[in-house]
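**Q**
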Amino acid sequence: MEILKIAVQKSGRLKEGSMELLKECGLRFINGNNQLKSQSTNFPVEIMFLRDDDIPEYVQDGVADIGIIGENVWIEKNKKTELVKKLGFAKCRLSIAVPRDSKIIDNNDLNSKRIATSYPVILSKYLKENNISADIHEISGSVEIAPGIGLADAILDIVSTGSTLLSNGLTEIIEIMRSEAVMIRTSTLTTAKSEILDQLLFRLAAVQNAQSNKYILLNAPNDSVEKISSILPGMDSPTVLPLKKEGWSSVHSVVNESDFWNKINQLKEAGATGILVVPIEKMIL
Ligand code: ATP
Ligand code: ZN
Numbered sequence: 037m038e039i040l041k042i043a044v045q046k047s048g049r050l051k052e053g054s055m056e057l058l059k060e061c062g063l064r065f066i067n068g069n070n071q072l073k074s075q076s077t078n079f080p081v082e083i084m085f086l087r088d089d090d091i092p093e094y095v096q097d098g099v100a101d102i103g104i105i106g107e108n109v110w111i112e113k114n115k116k117t118e119l120v121k122k123l124g125f126a127k128c129r130l131s132i133a134v135p136r137d138s139k140i141i142d143n144n145d146l147n148s149k150r151i152a153t154s155y156p157v158i159l160s161k162y163l164k165e166n167n168i169s170a171d172i173h174e175i176s177g178s179v180e181i182a183p184g185i186g187l188a189d190a191i192l193d194i195v196s197t198g199s200t201l202l203s204n205g206l207t208e209i210i211e212i213m214r215s216e217a218v219m220i221r222t223s224t225l226t227t228a229k230s231e232i233l234d235q236l237l238f239r240l241a242a243v244q245n246a247q248s249n250k251y252i253l254l255n256a257p258n259d260s261v262e263k264i265s266s267i268l269p270g271m272d273s274p275t276v277l278p279l280k281k282e283g284w285s286s287v288h289s290v291v292n293e294s295d296f297w298n299k300i301n302q303l304k305e306a307g308a309t310g311i312l313v314v315p316i317e318k319m320i321l
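Numbers 37 to 321, taken from this note's numbering, label the letters of the sequence shown in order.
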């Protein structure tokens with residue numbers, strides 16, 4: 037029996053989200069601390085816990101079949117691997133930031149300046165594309181302190197809320213890329229492993245669809261049902277059930293999370309009452 041080997045960050049910002057996603061796909065693992073590996077008890081996969089920066093290389097070499105890492109690291113490492121899917125968590129951006137009182141405000145001002153970063157590949161590509169000639173200072177951690185200690189005039193680093201920049205007296209001037217967690221794969225997989233990956237992706241799609249949709253139930257007078265059905269396109273046609281109360285129906289459907297507030301106002305205007313919106317556990321399309 038073949039087993040699909042999945043590389044996951046051993047500790048850090050990606051670990052929890054990665055394990056959570058696999059658990060939502062129904063995969064169970066025996067809990068244990070400080071493990072290097074963990075085999076699922078109910079699905080043919082094994083998790084290998086590695087430093088995130090090493091994951092692209094392990095996946096390229098086939099030591100792991102698939103990996104979950106930040107898109108930023110995947111691009112920076114530039115290994116021969118394939119993108120399987122964006123996963124929608126660990127969202128951040130890579131931005132150039134400068135001290136608040138700096139005269140640097142845009143690309144042109146970066147010429148002949150020193151920029152500190154842990155992402156030299158992404159930075160040099162950006163500089164080249166924009167015809168900027170600047171000095172790249174590669175440092176592996178705490179990039180945000182580089183300007184303060186006189187090591188650099190600017191930095192390229194990960195930003196999410198901007199609070200780290202703020203507390204280091206820096207301000208964001210240019211967003212270079214957006215990133216989120218991604219699943220990557222090695223270029224050749226055996227047939228058996230491809231099948232396991234397909235099963236996993238099927239489950240993942242069900243989890244992701246469920247997360248972006250809500251199940252909605254409401255009551256409406258029968259003569260409003262047509263109007264309400266047109267507001268609720270749902271997966272298919274809505275379910276309409278008679279209520280015990282004469283002349284009334286219960287309407288059930290699925291709405292996308294992103295426009296559900298908008299729909300709710302329209303539904304109320306159309307005569308809907310007792311609106312319930314409930315989370316969906318899994319959704320198979
Ligand atoms: P190390 O390799 O030394 O453990 P790291 O910076 O690579 O450090 P993390 O800080 O755990 O490791 O970040 C892992 C990934 O999570 C980053 O590459 C990025 O994709 C994403 N990430 C980092 N910071 C944030 C943040 N503040 N919000 C959301 N995602 C983030
Ligand atoms: Zn890392």
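Beta carbons are placed, not taken as given, at the ideal position from N, Cα and C, and that holds for glycine. Being a predicted model, the structure only gives us computed values, none of them experimental.
Work out the CA separation of residue 313 and residue 255 for me, nearest whole Å.
**A** Cα to Cα, residue 255 sits roughly 12 Å from residue 313.
**Q** Return yes when the Cβ of residue 50 is within less than 7 Å of the Cβ of residue 170, no when it is not.
**A** Their beta carbons are not under 7 Å apart, which means residue 170 does not touch residue 50 by this criterion.
**Q** Which same chain residues end up closer than 8 Å to residue 80 when comparing Cβ atoms and leaving out the 5 residues on each side of it in sequence?
**A** Correct list, in chain order: 37, 38, 39, 40 and 232.
**Q** Hey, quick one: how far does the alpha helix (DSSP H) through residue 108 stretch, first residue to last?
**A** Element bounds for residue 108: 107–113.
**Q** Using only the alpha-carbon positions, how far apart do residue 102 and residue 164 sit?
**A** The straight-line gap from Cα to Cα measures roughly 31 Å.
**Q** Using only alpha-carbon positions, find the residue among 288, 153 and 82 that is nearest to residue 189.
**A** Considering only alpha carbons, the answer is 153.
**Q** Among the residues of its own chain, which have a CB less than 6 Å from the CB of residue 215, if the five just before and after it don't count?
**A** The residues are 106, 107, 108 and 128.
**Q** Mind the definition here: the region 199–210 touches the region 82–92 only if three or more C-beta pairs lie below 8 Å; say whether that holds.
**A** Because the criterion of three Cβ pairs below 8 Å is not met, the region 199–210 and the region 82–92 do not touch.
**Q** Kindly identify the DSSP beta-bridge partner or partners of residue 249.
**A** 292, per the DSSP bridge assignment.
**Q** Does the structure place the region 217–236 close enough to the region 138–153 that three or more beta carbon pairs sit under 8 Å?
**A** Touching, no, given that fewer than three Cβ pairs across the two stretches are closer than 8 Å.
**Q** The ligand ZN and residue 89: does the residue's C-beta get closer than 6 Å to at least one heavy atom of that ligand?
**A** For the ligand ZN, at least one heavy atom lies less than 6 Å from the Cβ of residue 89.
**Q** Taking the continuous beta strand (DSSP E) assigned at residue 208, which residues delimit it?
**A** Counting along the chain, the beta strand (DSSP E) containing residue 208 begins and ends at 206–215.
**Q** For residue 118, which of 133, 97, 124 and 266 has the nearest alpha-carbon?
**A** Of 133, 97, 124 and 266, the residue nearest in Cα terms is 97.
**Q** Nearest by alpha-carbon distance to residue 19: which of 155, 186 and 243 is it?
**A** Residue 19 lies beyond the range of the chain shown here (37 to 321); nothing can be said about it.
**Q** Using the beta-carbon count (16 or more within 10 Å), is residue 110 buried or exposed?
**A** It counts as buried.
**Q** When you compare the CB positions of residue 289 and residue 274, do they come within less than 7 Å of one another, or not?
**A** Yes, these two residues count as a Cβ contact at 7 Å.
**Q** Could you pull the DSSP bridge partners for residue 255 from this structure?
**A** Beta-bridge pairing links residue 255 to 286 and 309.
**Q** With respect to the beta strand (DSSP E) encompassing residue 153, which residues constitute its N-terminal and C-terminal limits?
**A** Run containing residue 153: 150–153, per the beta strand (DSSP E) assignment.
**Q** Does residue 166 pass the burial test, meaning 16 or more other C-beta atoms within 10 Å, or should it be called exposed?
**A** The residue in question, residue 166, is exposed, as its Cβ has fewer than 16 Cβ neighbours within 10 Å.
**Q** Under the rule that 16 or more other beta-carbon atoms within 10 Å means buried, what is residue 66, buried or exposed?
**A** Exposed, since its Cβ has fewer than 16 Cβ neighbours within 10 Å.
**Q** Candidates 122, 201 and 229: which alpha carbon is nearest residue 135's?
**A** Here the closest residue by C-alpha is 201.
**Q** What are the start and end residues of each continuous beta strand (DSSP E) run of 3 or more residues lying completely inside the region 117–174, in chain order?
**A** List check, beta strand (DSSP E) in window: 118–122, 128–135, 150–153 and 171–174.
**Q** CA-CA distance, residue 185 and residue 193?
**A** Their Cα atoms are separated by approximately 16 Å.
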